[in-house]
Amino acid sequence: MNDKIEFRFCTRTLSEGHRVFYDDGNETLSYTEDFEPVEKIAQTADDAERSAVIFEKGGEIYLAAFGLRRNALDRIGRQIRFSFCRIFRKSEAGKAMNAFTRLSEEWTETEKKVDSLVKPHSTEVECFQPS
């Protein structure tokens, strides 16, 4: 997993299963290599499970959220879900814990914010960074 990419997000697709994006949605990563390892550590069954996790690995702190619901449906009528992973340096442990606490306590507000940042009919995200 490329830990140099601090923020990545994942959505489900009809043709490919899941796609992982970074750089505001302009670039893609391998789901198997760059998102699935986080899901395995988090022990998340799939993106329907709404959960958040924070853990340390290799001197980095990983904050991930799974199953954030967007106010949008895909072409076959399924609710679009959004998952993300933000990697913090170990020196940012306080910032990471604050982000985890806020995410946990403000889940619905986070879903609304994510929905507002994802541009319609696109994969672009306007710099969503949990604070």
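Residue numbering for the sequence shown follows the numbering used here, starting at 735 and increasing by one per position.
Just so you know, even glycine gets a beta-carbon here, dropped at the ideal spot from N, CA and C.
Quick caveat, the model's predicted, so the values are computed rather than measured.
What would DSSP say about E767, mapped onto helix, strand or coil? helix
Whole angstroms are fine: how far does the CA of T778 sit from the CA of N832? 22 Å
Am I right that E794 and F818 are in contact with their C-beta atoms under 8 Å? What's the rounded C-beta distance? About 15 Å; that fails the 8 Å criterion.
Quick one, which of N736, M735, G759, D737 has its alpha-carbon nearest T745's? G759
Cα separation between R820 and A798? Rounded to the nearest whole angstrom, the C-alpha separation of R820 and A798 is 6 Å.
C-alpha gap between T762 and F755, whole angstroms: Taking the Cα positions, T762 is about 4 Å away from F755.
Just the C-alpha distance for S838 and I810, rounded to the nearest angstrom, thanks. 30 Å
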